[in-house]
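Just add 6 to the spot in the sequence shown (first one is 1) and you have this note's numbering. Data block below; observations after.
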Amino acid sequence: MTASARPKSNIFLILGLGAIGLSTLMTLSPVHLLAGIPASQTAADGGPLAPTALRCEYLENPMGIDMAKPRFFWVLGHTERGQVQSAYQIVVSTDPRAVTGDVWDSGKVASSKSVQIAFAGKALESGKTYFWKVRSWDCEGRESPWSAVARFDTGLFNKSDWKGAWIGTKNQLRKEFALKGRVSRARAHIAGLGYYELRLNGRKAGNHVLDPAWTTYDKRVLYVTYDVTSFLREGGNAVAVTLGQGWYKSRALLLQLDIELEDGTAVSLASDTSWRAADGPIFADSVYDGESYDARRETPGWDRPGFDDKAWPAAEAVKGPAGVLSAQLMPAIQVVDTIVPLKMSNPLPGVYVFDMGQNFSGWARLRVEGPLGTDVRLRFAELLYDNGMLNQENLRSAQAEDHYILKGAGEEVWEPRFTYHGFRYVEVTGFPGTPKLDSIRGRVVHSAVEPIGSFAASKDILNGLQRIITWGQKTNLHSIPTDCDQRDERMGWMGDAQGTAEEAIMNFDMAAFYTNFVRDIRDVQDEKGRITDTVPHIWGSRPADPAWGTAYPLICWYMYQYYGDTRVLEEHYDGLKKYVEFLRSTAENGVLKWFNYGDWVAIEKCPGALTSTFYYYYDARIMADAARVIGKTADAALYDKLAAEIRAAFNREFYDPKTGNYGDGTQAANTFALFLDIPTEKQGGAWGRLFDDIVYKHDSHLTTGIFGTKYIMELLTRTGNSDLAYDIACKTDFPSWGYMIQNGATTLWELWNKREGPSMNSHNHPMFGSVGSWLYKALAGINLAPGTSGFEKVVFAPQMARDLRHASGSTRTVRGEVACAWSRTETSVRIEVTVPVGAEAEVVLPKLNIRDIQISEGGKTVWADGKFLAGPSGIAGAEDKDGAIRFKTGGGRYVFVLEGK
Ligand code: BGC
């Protein structure tokens, strides 16, 4: 390996390479440099492990990759701490063992990158399967074993690859076909609007429900690719599709089956008017209102070959949506869990109410036996009246009511396909006889983003908070981030989306989901650069309130920060620029005077213009940073200048030197200014005013709305006031998160207030859950190092506030697990951290009030008499700064114990 091939790891910098000759460097890995042990003594015992967690476009073995240069990711493993990758090799092949490298053999690439590696082989073809693997070299040039083989399937790249026609109107569509040989490979590509269920020879393909994702259908329509090889056989076959209306409010199907037979023959079958169509047992379906199903109208065998469909009319050609067909490359909505009800009550004769014990999105599965024609009615709600009856008032116009009409054939089990509800309680009426607890099961339904985070602490209220945040968050992921899951909205309100994005990223694997969502945002942008409050746009205005519109730059930026995603910045750069230029065109002397909602649902509202101008400033700064990241230097300077102008205007317009406040002195107003360091020395008063307002005027309670709340917690921690942030987080009286929990919340409420009437008061609204990122960052101490991306460098700085005795958090990043668990006594602090291989960390051990400090790591002393003692591998050094001992480490697991008097 040449010197130039060495990764530019900062670990080398930490060591101050000046003193070490280049030839020495070439035989030593960082871990050995750190530990002072020559490489030859340990190389035989260990080395790099095979890369794991192979991902393509953030997904595991995705189907339907439809871009020319998909990106690859892997997680490094090593037996030693402090290691980094010095080179990698990727091989992409058409053979399942990925030996030939006939599509791409990257060769040995000198690079420390293990994420966001763009494909650079031969042009990928439509509708093919590709296999890939990777190996890596560590810093000493030791080679890892090859990874296991991963795969990806390409979708249909071109419009001309689609052979079928849009058909529809009726909700059941079928087609039989014969195959003259055994099937070696078969793929189904389906765009079925509003929702579809695809069945082949009597079996459902895949486990998606409420599919495809909701998009702005005249801009982009998502199709889904399934491997259906095992579904088909020689001889007669049947393909059957049920359609629901969903958000499309109509029905349209485009389907293509591409089949290869063992003898090499290619067979293609597509939707057209030779299909047969009929209306099946679903006689009403609506997202808000529910589904009605008449089992008497079932036609058994309709999804298998040999069914007599002569009486079925031909399917009609329909216009179909205007949008571009694009592959759905994100976790689909699925039935993720099944809940057993806690109890059943019988508040009135014939009325049975099931309590699921948890508010969630989904539906109920009904188990029933009774006479033909019995109509069982299921109604859903988040709330009950005192008399035990269902309270649906806060659902507003959403009916949330399913019907199942029995066929009278023994035990019948049913669940809806094309609706979902947000509920904790299910009311059953019309049930033949008395239901049992077993008659109902809750089916938890949402976008199946993988849970990747955990947080726990010694304070119960915080564990309760984490629980209601994560339930609220996941059950509001329905292919877009929704505001709520129950009433007549369930919209992609962008303010809610941006406010919760960091929390969502810590708790769930959101990378592919947000990749799609920012495209959803781009889809609504008009020529003037304006975007809309909700995406897809149904509710709210165009232009979006700047606090809502900021979702576009901010979520793109979070994707860069948390996933190291520069492509998202490139892909959306023009859109983001257009958006910020639109804001500029409406600014008056650097101030955005207009707003739609401002700091929404605050107790004390800050001026809307201040909130808008804050976000205008934030967006300009993001633009400047994004431009820098992708090398658009001239633009970076342009937006730095714009940001400086807005900052000056903000101070001019909103700072009141007489009171020392921004705006009207609400918590939010001062927080917005301070969070982005807007005050200069001249505006020194705001911090003191804010502190007084929280502590003295409001007894450590917030008065902020959804945006002020996010930034105030982070601001307090950043300014050394974690104790105060902690006090706020632990409150249980109004207004606080604890107040919600003490009043029975199992998901976050929309309002700080407890309301249950017909007004706006959702009981599953994730937006106040922005505090979730604070739990991870402040209490579990997991932070991106400033100016870095993709967890290449982590700062573990847990805030050991007040009476908190321990806390832990972990999150699975693009580079692997990042975790921190700490505990303390009066005289000791223990911090255990996990740093991905190839990453670096700073571990901050606060001295608290402990004297005569000694610190060990893995049992060996690493700090004594105020000095760092080299020894354990992977630790580059330490310093005593700002009340803490700070260790620099490379990748690996470390257990630091600080002890003293
Ligand atoms: C939604 C919010 C949204 C707001 C806009 C409400 O109806 O539920 O969460 O952000 O409108 O002001």
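Think of the CB as a built atom: it goes at the ideal place given N, C-alpha and C, for glycine as much as any other residue.
Near the ligand BGC: residue i beta-carbon under 7 Å from a heavy atom
| i | result |
| --- | --- |
| tryptophan 927 | This structure gives no information on residue 927, because the portion of the chain shown stretches from 7 to 907. |
| methionine 773 | yes |
| tyrosine 603 | yes |
| glycine 546 | yes |
| cysteine 490 | yes |
| methionine 766 | yes |
| tryptophan 499 | yes |
| aspartate 502 | yes |
Residue i, DSSP secondary structure in three states
| i | result |
| --- | --- |
| valine 800 | strand |
| glycine 174 | strand |
| threonine 831 | coil |
| serine 153 | coil |
| leucine 40 | Confidence at leucine 40 is low in this model, with a pLDDT of 41, below 50, so the placement of that residue should be treated as unreliable; the coordinate-derived value is given next. Three-state DSSP puts leucine 40 in a helix. |
| valine 574 | helix |
| threonine 48 | Note on threonine 48: pLDDT 37, under 50, position unreliable in the model; no value is reported. |
| asparagine 513 | helix |
| phenylalanine 620 | helix |
| phenylalanine 313 | coil |
| leucine 82 | strand |
| cysteine 562 | helix |
| phenylalanine 437 | coil |
| glycine 787 | coil |
| alanine 246 | strand |
Residue i to residue j span [Cα, whole Å]
| i | j | result |
| --- | --- | --- |
| alanine 847 | aspartate 733 | 29 Å |
| tryptophan 545 | aspartate 343 | 30 Å |
| glycine 498 | proline 542 | 7 Å |
| glycine 478 | glycine 198 | 28 Å |
| alanine 608 | threonine 686 | 27 Å |
| lysine 119 | tyrosine 569 | 12 Å |
| leucine 678 | glutamate 146 | Inspection of the sequence shows that residue 678 is occupied by phenylalanine rather than by leucine. Answer to the nearest angstrom: the Cα atoms are 48 Å apart. |
| tryptophan 420 | serine 765 | 33 Å |
| glutamate 651 | alanine 462 | 43 Å |
| glycine 53 | serine 92 | 13 Å |
| tyrosine 94 | threonine 831 | 45 Å |
| tryptophan 910 | glycine 844 | The structure shown does not extend to residue 910, since the chain spans only 7 to 907, so no value can be given for it. |
| alanine 124 | glutamate 533 | 31 Å |
| arginine 899 | serine 453 | 32 Å |
| aspartate 917 | glutamine 860 | One cannot answer for residue 917 here, as it falls past the ends of the chain, which runs 7 to 907. |
| tyrosine 558 | valine 524 | 6 Å |
| valine 374 | alanine 192 | 38 Å |
| methionine 806 | asparagine 727 | 11 Å |
| valine 903 | glycine 690 | 40 Å |
| methionine 746 | tryptophan 758 | 8 Å |
| alanine 290 | leucine 483 | 24 Å |
| methionine 516 | alanine 510 | 7 Å |
| glycine 501 | tyrosine 717 | 14 Å |
| tryptophan 253 | glutamine 492 | 15 Å |
| glycine 326 | tryptophan 172 | 6 Å |
| leucine 447 | threonine 481 | Checking the sequence shown, residue 447 turns out to be arginine, not leucine. Roughly 17 Å separates the two Cα atoms. |
Residue i burial status per 10 Å Cβ neighbour count (16 or more: buried)
| i | result |
| --- | --- |
| leucine 348 | exposed |
| tyrosine 391 | exposed |
| alanine 870 | exposed |
| alanine 784 | buried |
| alanine 415 | exposed |
| arginine 627 | buried |
| tyrosine 702 | exposed |
| valine 849 | buried |
| arginine 209 | exposed |
Distance cut-off 7 Å: residue i Cβ against heavy atoms of the ligand SAH
| i | result |
| --- | --- |
| glutamate 495 | Because the ligand SAH does not appear in the structure shown, any question about it cannot be addressed here, the ligands present being the ligand BGC. |
Q: Could you name each continuous alpha helix (DSSP H) segment of 4 residues or more that falls completely within the region 441 to 494, going from the start of the chain to the end?
A: Listed in chain order, they are 466 to 480.
Q: Taking only runs that begin and end inside the region 257 to 296, name each unbroken beta strand (DSSP E) of 3 or more residues, in chain order.
A: Taking only runs of at least 3 residues, the beta strand (DSSP E) segments lying wholly in the region 257 to 296 are 258 to 267, 272 to 276, 282 to 284, 288 to 292.
Q: Report the residue ranges of all beta strand (DSSP E) runs contained in full by the region 319 to 377; include only those spanning at least 3 residues, in chain order.
A: Qualifying beta strand (DSSP E) stretches, in chain order: 330 to 333, 339 to 345, 349 to 354, 357 to 374.
Q. Quick one: complete alpha helix (DSSP H) runs, 4+ long, within the region 589 to 636?
A. At a cut-off of 4 residues, the continuous stretches assigned as alpha helix (DSSP H) that sit fully inside the region 589 to 636 are 614 to 635.
Q: Identify every run of the beta strand (DSSP E) within the region 805 to 893, keeping only runs that are complete inside it and at least 3 residues long; order them along the chain.
A: Along the region 805 to 893, the beta strand (DSSP E) occurs as fully enclosed runs of 3 or more residues at 812 to 819, 822 to 830, 834 to 841, 846 to 852, 860 to 863, 866 to 870, 881 to 887, listed in sequence order.
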